[in-house]
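Single-structure report; data block below.
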């Protein structure tokens with residue numbers, strides 16, 4: 053399957069944070085022929101191991117992209133047949149009115165988050181976005197029928213099929229972080245053509261959106277020497293200062309900051325320059341926000357890096373990116389992995 | 016003077032190299048082992064007389080300071096900045112800074128008062144409207160001199176102030192680093208680890224990793240804390256007071272000090288007649304919050320130096336407090352030889 | 114059971130100073146455990162060895178947890194007139210303290226007072242103090258020290274099918290766990306019953322206890338909020354609705370397999386239950402889940418009204434349902450089928 057198809061299938065899959073298994077099947081079939089071993093750890097992160105050519109691999113490299121997407125959960129079933137909802141991960145409630153969703157009950161049910169028409173609204177409230185306890189999901193069923201099919205605690209995902217826009221741009225839900233999984237897919241395919249001494253672990257982590265639980269626990273198990281997270285970064289758009297945003301089509305963003313080991317930053321940059329891959333630099337003072345945060349402080353410490361795919365409208369269901377950025381990110385990671393040797397690994401503790 | 020060198024060295028979270036190198040060169044002559052881990056913690060070992068049967072004691076202080084980072088360069092060659100750690104933007108206006116590993120000088124200016132509207136005077140400046148001017152002509156020129164991600168530190172000289180006081184930047188936590196450098200000179204029965212940690216200011220990030228490696232039986236965090244004895248603050252709000260000695264901490268927002276260690280610290284101070292105070296507010300987080308929960312738990316407590324105006328370009332400490340802070344740490348370690356570990 | 118609840122509710126054990134409550138719980142549980150120890154943070158860990166070795170495979174570890182600590186205050190300063198200044202221990206709302214009293218570990222009683230306020234909305238902890246009836250600093254220092262903690266002074270009330278008192282969070286869960294220890298008969302594997310410290314300060318005791326135990330599955334027992342009093346915000350849990358099975362809170366997304374096993378076990382045994390999605394609030398399961406390589410975990414909640422006040426109220430029918438569900442869960446997990454999880 054080519055990267056564009058893979059990306060769109062991955063984006064469409066339903067894997068709400070904490071309930072990632074339905075999205076896992078697609079990932080499994082993509083990677084099965086590209087790696088040597090696949091296992092899922094106790095919380096559900098998938099660790100896909102591609103063995104290095106060397107008898108004693110100079111380093112263990114872990115790439116991490118999160119499998120989970122933001123969504124919602126049924127918090128109560130009202131007698132009028134409406135479902136009350138709460139967020140799973142940082143859902144911006146402003147996107148919810150008029151959203152179409154799927155409720156994953158005993159079977160999947162289609163639902164609508166209705167918006168109260170302007171005619172019926174209190175004009176003083178028109179400027180305020182609706183709060184969580186004012187939004188409900190309508191499945192078009194009476195309560196008794198609903199209660200046979202849905203329980204409190206069932207999860208809800210956004211309905212959206214990814215679409216191609218002009219140029220090589222694609223919009224869909226969950227590009228955060230299925231784009232990262234697609235990057236790993238591209239890297240795994242590229243690595244088939246390159247030789248690499250290092251052991252490479254492609255890890256699809258769970259629960260990143262609610263506190264990086266999968267990043268923390270999967271790293272404990274893999275305990276790599278080098279850990280690179282692949283996530284998304286804010287793409288340029290009006291209202292965001294230019295220096296705080298990444299250019300769509302400008303190539304992968306290589307992060308710099310306390311969450312990134314300076315040698316990993318340099319090596320990614322050098323690799324991109326040597327291979328003619330366009331890239332951007334993303335400086336930041338906070339280590340938070342991605343699996344790199346989780347990996348870095350595990351056990352006796354991991355030298356980490358972060359690649360961000362430029363993405364507009366993050367945490368909406370119309371997240372937009374450039375396919376070229378995804379492909380180039382994957383290539384960069386593959387070249388990086390094939391270039392790591394024992395000298396580089398040893399140098400990680402000289403700084 | 017060592018504290019001055021430490022204070023003036025530059026190291027924001029994640030870029031502690033200069034501080035690390037300075038500490039390393041100071042302690043190399045008299046410690047047995049020095050290790051740097053994958054995130055930059057410097058862990059030094061002074062082996063104990065009792066070798067394998069002895070215990071492991073770890074002192075911890077963080078090398079990083081709050082500061083700023085270059086996150087963009089505008090067309091005029093001015094540098095956009097972001098706070099690294101808890102920096103109040105109001106303290107930044109009209110200050111001198113150093114950018115990058117070369118300590119290139121720059122200034123954080125502001126719109127002249129003549130051009131301000133009356134309402135602007137009261138409004139505090141936020142980070143987005145502050146820039147560092149390094150004298151570059153334009154963006155291209157600036158890019159030859161600095162890079163995205165370069166650290167920006169305050170250009171404060173560390174020197175005596177008034178009578179018995181010292182001023183300088185980064186007293187939080189170069190005073191702790193200083194105390195550990197001194198403590199490592201002396202051999203004890205137990206293995207003494209000095210953990211100079213990274214990234215405390217952006218979430219207590221390095222200390223847990225250090226503790227995981229050292230696996231100490233007991234740990235003591237040497238920190239710098241707020242001293243807020245300015246006139247309008249009520250007595251109970253003055254978390255510590257300069258001149259009353261190092262502060263022993265029962266609890267802070269990140270950890271409850273192990274009562275056995277806290278009691279031993281107080282006993283040690285009383286017996287030796289070292290002035291000390293008890294921190295009056297349960298505020299601020301320290302590396303203890305990460306050392307404590309390591310693996311199945313590490314008994315840990317905190318001793319703090321009173322510092323006025325922490326997290327700003329100029330902090331002020333009392334020289335006697337510093338001496339007593341170092342002295343208390345040393346006497347505590349001696350008590351572990353004399354009376355064993357309290358845990 | 115009510116006597117046990119009363120004893121635990123009225124005991125002293127603010128987060129970070131749990132010695133007294135630990136002693137009391139220890140004397141209750143020693144008879145049901147093969148081994149009892151206290152870890153370096155002060156959590157009480159009771160181990161029940163398997164009755165018969167598992168056929169072939171290694172014994173797995175089941176961890177059950179409730180926290181012994183309660184919210185309270187800690188003295189931060191004693192002024193020259195003998196008034197105490199304090200900081201909260203755990204999640205306390207200053208308004209809840211008005212007109213209340215506290216008691217220290219040594220029995221000293223204090224009353225909350227406030228500085229002059231222009232508007233009651235301005236009430237903050239640093240505008241309050243505790244009056245222990247001392248006339249000056251020296252007299253106060255003879256009774257309490259800076260660093261001493263205190264808890265709310267409130268007596269237990271038996272209201273029939275419901276009871277009310279302080280620290281139902283989480284002493285009611287301690288009672289549930291003790292009773293489940295008494296009743297359950299795990300066939301295989303090892304079961305650890307942990308009475309953790311410092312949950313109210315950030316799940317601290319459970320984190321280190323779980324690391325030491327390294328369990329294969331974790332079940333926390335804690336209180337949850339309520340939705341069934343006048344004009345309450347919508348919430349699916351009511352007093353009398355049975356054991357609450359947690360789907361999500363701010364610390365944890367219950368592992369689907371653990372949650373489903375709880376639901377199936379409740380239905381199989383005719384135990385009344387309700388499902389819970391809590392917007393804000395966390396439990397020890399959140400810490401257990403992220404131990405080492407990860408632990409599938411969930412929480413059984415006791416519905417509780419007026420949480421984090423001195424008058425927390427629970428329904429004894431719900432309490433009984435929680436005991437039954439917990440005991441049944443332990444037995445399912447400790448059976449040859451392992452509940453489908455072990």
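Chains as they are written, first to last, in the numbering used here: chain A, 53 to 403; chain B, 16 to 358; chain C, 114 to 455. Glycine included, C-beta positions come from ideal geometry on N, C-alpha and C.
Taking a Cβ-Cβ cut-off of 8 Å, the neighbours of residue 314 of chain C in chain B comprise 271, given in sequence order.
When DSSP states are grouped into helix, strand and coil, residue 339 of chain A belongs to the coil group.
Put simply, the CB of residue 138 of chain A is near chain C, with a gap under 8 Å to one of its CB atoms. With respect to the 8 Å criterion, residue 313 of chain B and residue 234 of chain B are classified as neighbours on the basis of their beta carbons. In this chain, the beta strand (DSSP E) harbouring residue 101 of chain A covers 98 to 102. Excluding sequence positions up to five before and after residue 240 of chain B, its CB lies within less than 8 Å of the CB of 187, 254, 255, 262, 264, 294, 299, 319, 320, 321, 322, 325, all in the same chain and listed in chain order. Proximity of chain A to residue 336 of chain C at the Cβ level (cut-off 8 Å) is not reached, the minimal Cβ distance being about 18 Å.
Boundaries of the alpha helix (DSSP H) around residue 429 of chain C: 429 to 446. Here DSSP, grouped into helix, strand and coil, assigns residue 138 of chain B to coil. Using beta-carbon distances, residue 257 of chain A does not count as an interface residue toward chain B, since no partner is under 8 Å. Chain-order list of chain A residues neighbouring residue 263 of chain B: empty, with the shortest C-beta distance near 28 Å, by a criterion of under 9 Å.
Taking C-beta atoms as the reference points, residue 401 of chain C and residue 319 of chain C count as a pair closer than 8 Å. If you look at residue 334 of chain B, you'll find it isn't in any beta strand (DSSP E); it sits in the alpha helix (DSSP H) that goes 334 to 354. Minimum Cα-Cα distance from residue 86 of chain B among the listed residues B:161, B:309, B:276, B:52 corresponds to B:161.
Contact of residue 349 of chain A with chain B is assigned, a C-beta pair being separated by under 8 Å.
For chain A, the residues of the segment 398 to 428 of chain C that bring a beta carbon within less than 7 Å of one of its beta carbons are 402, 403, 405, 406, 407, 408, 409, in chain order.
Annotation for residue 189 of chain C: 198, 199, 200, 259 place their beta carbon closer than 7 Å to its own, counting only its chain and skipping 5 residues before and after. Separation of the CB atoms of residue 208 of chain B and residue 108 of chain B is rounded to 42 Å, and the pair is thereby denied contact status at 8 Å. Residue contact with chain B for residue 403 of chain A: present (Cβ-Cβ distance below 8 Å to some residue of chain B). For residue 243 of chain B, no beta strand (DSSP E) run applies, since DSSP gives it neither H nor E.
Taking a Cβ-Cβ threshold of 9 Å, the residues of chain C close to residue 252 of chain B are 190, 198, 239, in chain order. Contact of residue 254 of chain C with chain B by beta-carbon distance below 7 Å is absent, the smallest such distance being about 12 Å. The count of Cβ pairs closer than 8 Å, one atom from the segment 214 to 223 of chain C and one from the segment 119 to 135 of chain C, reaches three, so the stretches are in contact. In chain order, 259, 260 make up the part of chain C whose C-beta sits under 8 Å from the C-beta of residue 293 of chain B. The three-state secondary structure of residue 230 of chain C, taken from DSSP, is coil.
Residues of the segment 135 to 169 of chain B with a C-beta atom less than 9 Å from some C-beta of chain A are 143, 162, 163, 164, 165, listed in chain order. Within the segment 271 to 349 of chain C, complete beta strand (DSSP E) segments of at least 3 residues are found at 275 to 278, 303 to 309, 330 to 337, given in chain order. Distances from the alpha-carbon of residue 155 of chain B to those of B:33, B:302, B:92 put B:92 closest. Along the length of the segment 136 to 214 of chain A, whole beta strand (DSSP E) runs at least 3 residues long occupy 152 to 156, 160 to 165, 188 to 190, 207 to 210, reported in chain order. Burial state of residue 197 of chain A is exposed, judged by a 10 Å Cβ sphere holding fewer than 16 other Cβ atoms.
For the segment 318 to 331 of chain C, residues whose beta-carbon sits nearer than 8 Å to a beta-carbon of chain B comprise 320, 321, 322, 324, 325. Residue-level contact check: residue 66 of chain B does not touch chain C, since none of the beta carbons of chain C fall below 8 Å from its beta carbon. Across the set A:131, A:229, A:147, A:112, the C-alpha of A:229 shows the shortest separation from the C-alpha of residue 60 of chain A. Per DSSP, the beta bridge partners of residue 243 of chain C are C:197, C:225. Using a CB distance cut-off of 8 Å, residue 374 of chain C does not count as an interface residue toward chain A. Taking a Cβ-Cβ threshold of 8 Å, the residues of chain A close to residue 220 of chain B are 310, 339, 348, 349, in chain order.
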